[in-house]
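In this text, residue positions in the sequence shown follow this note's numbering: the first is 1, and each later residue adds one. Comments concern the structure below.
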Amino acid sequence: MSETYSSYKRDLLVALLEEEDRKAASPVDVANACDAAGLMFNEEFVVRFINQERGVLGEGAGVLDFYSFELNSTGRNLADQISKSRGPKSLIERITSETSQRLINALNFGVAVLALVIAAIALWNT
């Protein structure tokens, strides 16, 4: 469950994209998109999202407790990136996405553990 507006916004973007793809139509009902994604409908955050992202990530409107939103290409791309980043990654994808400093630190740790094991074996044999 989203606790902050920024996390709710990311969850809502993915929910809207999934609802648009599922129904093959837009704009979509925001409440239905939230229900389908298992996201709690937070009216305050939805109104804020529509007001802040109108013209940036798509077009939306709210009339008498009915909120609709249609993602534009920017909104769809961002929602797709968020959705892909949440998916499972293979070992190669994880390694290539890590920063070089983290990889160097992991390699140094591995070398230190290997040296410790070799030293322990050498002491055991003497």
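Each residue gets a CB set at the ideal place from its N, CA and C atoms; glycine is no exception.
- Taking 8 Å as the cut-off, the beta carbon of leucine 16 is found no closer than this to the beta carbon of leucine 78.
- Within a 10 Å sphere around the beta-carbon of arginine 76 sit 16 or more other beta-carbons, which makes this residue buried.
- Residue pairing by DSSP puts tyrosine 67 in a beta bridge opposite Gly62.
- Annotation for valine 30: Val46, Tyr67, Phe69 place their beta carbon closer than 6 Å to its own, counting only its chain and skipping 5 residues before and after.
- In the three-state scheme derived from DSSP, where H, G and I count as helix and E and B as strand, valine 113 is classed as helix.
- If you check the CB distance, arginine 54 and glycine 60 come in under 8 Å.
- Between the stretch 35-42 and the stretch 88-104 there are fewer than three inter-stretch CB-CB distances shorter than 8 Å, so the stretches are not counted as touching.
- Following the DSSP letters along the chain, one finds asparagine 77 inside the alpha helix (DSSP H) bounded by residues 73-86.
- Burial is judged here by how many other beta carbons sit within 10 angstroms of a residue's own beta carbon; leucine 123 has fewer than 16 and is exposed.
- Under DSSP, valine 46 takes part in no beta bridge, so it has no partner.
- Note on geometry: alpha-carbon atoms of glutamate 19 and alanine 33 lie some 5 Å from one another.
- With respect to the 8 Å criterion, leucine 12 and phenylalanine 49 are classified as neighbours on the basis of their beta carbons.
- Between glutamine 52 and valine 28, the alpha-carbon positions lie close to 18 Å from each other.
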